[in-house]
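Numbering (this note's numbering), first residue to last: 4 to 342. Note that the Cβ used here is the ideal one computed from N, Cα and C, for glycine as well. The structure appears below as structure tokens.
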Amino acid sequence: MMSTGRPAATRRPPPDTAAAIEAHGLRKSYGKVTVLDGVGLRVERGSVFSLLGPNGAGKTTTVRILATLTTPDAGHARVAGHDVTAERGRVRRAISLTGQFAAVDEKQTGEENLRMMARLSGRSRAASRRRAAELLERFDLAAAGRRLAVTYSGGMRRRLDLAAGLVGDPEVVFLDEPTTGLDPRSRQELWQVVRDLSGRGTTVFLTTQYLEEADRLADRVAVMDAGRMVAEGTAAELKAKGRRPPPGHRVHRPGRLRTARGAGRAPLPRFAHARPADRRHRPRGAGTARRRRSGAAGRLPLLAAHDDARRRLPVPHPHRRRFPAGDHPCLRRRPPAAC
4 MMSTGRPAAT RRPPPDTAAA IEAHGLRKSY GKVTVLDGVG LRVERGSVFS
54 LLGPNGAGKT TTVRILATLT TPDAGHARVA GHDVTAERGR VRRAISLTGQ
104 FAAVDEKQTG EENLRMMARL SGRSRAASRR RAAELLERFD LAAAGRRLAV
154 TYSGGMRRRL DLAAGLVGDP EVVFLDEPTT GLDPRSRQEL WQVVRDLSGR
204 GTTVFLTTQY LEEADRLADR VAVMDAGRMV AEGTAAELKA KGRRPPPGHR
254 VHRPGRLRTA RGAGRAPLPR FAHARPADRR HRPRGAGTAR RRRSGAAGRL
304 PLLAAHDDAR RRLPVPHPHR RRFPAGDHPC LRRRPPAAC
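Okay, structure coming up:
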């Protein structure tokens, strides 16, 4: 057989019909900077999946690849049963993406924004009007539907942005740090929207920096750092892992030093524990006698040396530090009565 000189194409895994999102070995680099390094994940249909990590961890790049806005350098991903590289059009018709900042037209009313999105999705004028009214009522924006979007608060704009993304009834909703810059009340309102979406059977892929947000909303949580998945599981599983020290890790307990395996226990000296100065334990023995002879009984050697050194330091007169020679008020020809 004649070789073409090209590398053999990697075999793609068979699609998982129970998964709304699946990714295998995603890699992405910008020049010499590696943003994603072999990311893999799986999200079940109708669940809320949270991708947790600090700034620069690769969360937004992962979302952009899954939303067909960026092409991966390596790896494969499927969203709603369609390949994100070979079937971009089908993926885009099945998803909705809400970024970190609301993308609404501030010169239009809330109703006009939703009607415009409905018309762009191919609905008729009458169907667009009905869909806009339905979404305004669903997101508690009916009273503000005829107001310009520029008059909306941050939470109202975010809800309007989410409503615009749901005009086409997407199977998968991507929320890239949706609570950025929102006050606590607006965050609570947005959390309720996410719960409602999950209750209706919509798959929600949520990226966030807040542990509380992932704990309250997500069915499963993945922790990302430096372009890699470092942990994944339910919130309860991750909490249990966080409380359990790794094997061989030394854990300090009052009065003893032990390992996580429970072996190698050794008592600590009692005087090593912090106590009030007037009740500090005084170790007995020859060392105590030497400290008593030196006038440092009951004090640790370092503290005793520090106190003795402070006593030997000359204490300058306070007037000399504040006034040059001869300028102190008490040294003048007519000193004040206070002198």
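Check residue i in the structure and name its three-state DSSP category.
{"i": "E240", "result": "helix"}
{"i": "T183", "result": "coil"}
{"i": "D86", "result": "strand"}
{"i": "A22", "result": "strand"}
{"i": "L271", "result": "Legend: pLDDT at L271 = 46, less than 50; position of this residue unreliable, no value from coordinates given."}
{"i": "S53", "result": "strand"}
{"i": "E235", "result": "strand"}
{"i": "V226", "result": "strand"}
{"i": "A376", "result": "An answer regarding residue 376 cannot be provided, because it is not within the stretch 4 to 342 covered by the chain."}
{"i": "V196", "result": "helix"}
{"i": "K62", "result": "helix"}
{"i": "R126", "result": "coil"}
{"i": "V94", "result": "helix"}
{"i": "A70", "result": "coil"}
{"i": "A2", "result": "For the chain, the structure presents residues 4 to 342; residue 2 sits outside this window and is missing."}
{"i": "E115", "result": "helix"}
{"i": "G41", "result": "strand"}
{"i": "R190", "result": "helix"}
{"i": "G202", "result": "helix"}
With distances taken from CA atoms, which of the options is nearest residue i?
{"i": "R48", "options": "V176, V36, T183, Q212", "result": "V176"}
{"i": "T210", "options": "G34, M227, S201", "result": "M227"}
{"i": "K62", "options": "V207, S201, E180", "result": "E180"}
{"i": "L220", "options": "R45, L54, R95", "result": "L54"}
{"i": "G28", "options": "G56, V66, P75, A70", "result": "P75"}
{"i": "A385", "options": "L69, V233, K244", "result": "Residue numbering for the chain in the displayed model covers 4 to 342; residue 385 lies beyond these limits and cannot be assessed."}
{"i": "L138", "options": "A167, G157, R126, R149", "result": "A167"}
{"i": "N58", "options": "Q103, S127, D172", "result": "Q103"}
{"i": "G230", "options": "T37, L100, V224, R134", "result": "T37"}
{"i": "D40", "options": "G34, A77, A21, R67", "result": "A77"}
Flag residue i as yes when its Cβ comes closer than 6 angstroms to any non-hydrogen atom of the ligand PLP, and as no otherwise.
{"i": "G78", "result": "Because no ligand of any kind appears in the structure shown, any question about the ligand PLP cannot be addressed here."}
Contact defined as beta carbons within less than 8 angstroms: I believe residue i pairs with residue j. What is the distance between those atoms, to the nearest angstrom?
{"i": "A121", "j": "A129", "result": "About 10 angstroms; that fails the 8 angstroms criterion."}
{"i": "L144", "j": "M159", "result": "7 angstroms"}
{"i": "L178", "j": "F208", "result": "7 angstroms"}
{"i": "G237", "j": "E216", "result": "One point to set straight first is that residue 237 is Thr, not Gly, in the sequence displayed. Actually they do not touch by this definition, with Cβ atoms about 15 angstroms apart."}
{"i": "I24", "j": "L69", "result": "6 angstroms"}
Would residue i count as contacting chain C if we go by Cβ distances under 7 angstroms?
{"i": "V176", "result": "In summary, chain C is missing from the structure at hand, where a single protein chain is found."}
Next item on the list: Take every Cβ of the region 149-160, pair it with every Cβ of the region 103-116, and state whether three or more of those distances are shorter than 8 angstroms.
Entry: yes
Margin query: Would the region 116-127 count as touching the region 180-196 if we require 3 or more Cβ pairs under 8 angstroms?
Written below: no
Next item on the list: Let me know the alpha helix (DSSP H) ranges lying completely inside the region 128-187, each 4 residues or longer, listed in chain order.
Entry: As summarised for the region 128-187, the continuous alpha helix (DSSP H) elements at least 4 residues long and confined to that stretch are 128-141, 157-168, given in chain order.
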